[in-house]
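The block underneath contains the structure these notes are about, expressed in structure tokens.
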Amino acid sequence: MKVGKKTVTIEVMSILGEGKCSLGQRVGDIFRYPQDLNRLCPNAFHILYPWILVLESGGTFPFFGDNGDSVTLGCSDYRHQVVFRITRTRSREPTERRE
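Okay, here's the thing in structure tokens:
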């Protein structure tokens, strides 16, 4: 059976408070999962990871809009909360699934 490959990206949408992340994340930063994990704040990843797993396993978030393929979340730093958008994109090129 052939299925399209899924790619998950994480983008910094905004930073609340003073607009500065304590660990240097900036608005517009984009992280590919899992390739760029070494650049992502570990505390933020702790919040984002369960949502990433849902997208990777084929789940959707239809109640958040964007056709269920993305979700917007904030990190737990209440003074400088970084707002992230996690997005799943599906390639048009099929890949082989091994069963």
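First residue of the sequence shown: 53, per this note's numbering; consecutive thereafter. Just so you know, even glycine gets a beta-carbon here, dropped at the ideal spot from N, CA and C. Here the structure is a predicted model, which means the values were calculated and not measured.
> Would you report the Cα separation of C127 and A96, rounded to the nearest angstrom?
Replying inline: 5 Å
> For F116, which residues from the same chain have a beta carbon less than 6 Å from its beta carbon, with the 5 sequence-adjacent residues on both sides left out?
Replying inline: V123
> According to DSSP, what are the bridge partners of G71?
Replying inline: Beta-bridge pairing links G71 to no other residue.
>> On the DSSP letters alone, give me the boundaries of the alpha helix (DSSP H) that Y101 sits inside.
In response: According to the DSSP assignment, Y101 belongs to the alpha helix (DSSP H) that extends over 94-108.
> Would a C-beta distance cut-off of 8 Å place V135 and L68 closer than the cut-off?
Replying inline: yes
> Secondary structure at F115, three-state DSSP: helix, strand or coil?
Replying inline: helix
> Cα-Cα, which of K57, R142, I138 is closest to V64?
Replying inline: I138
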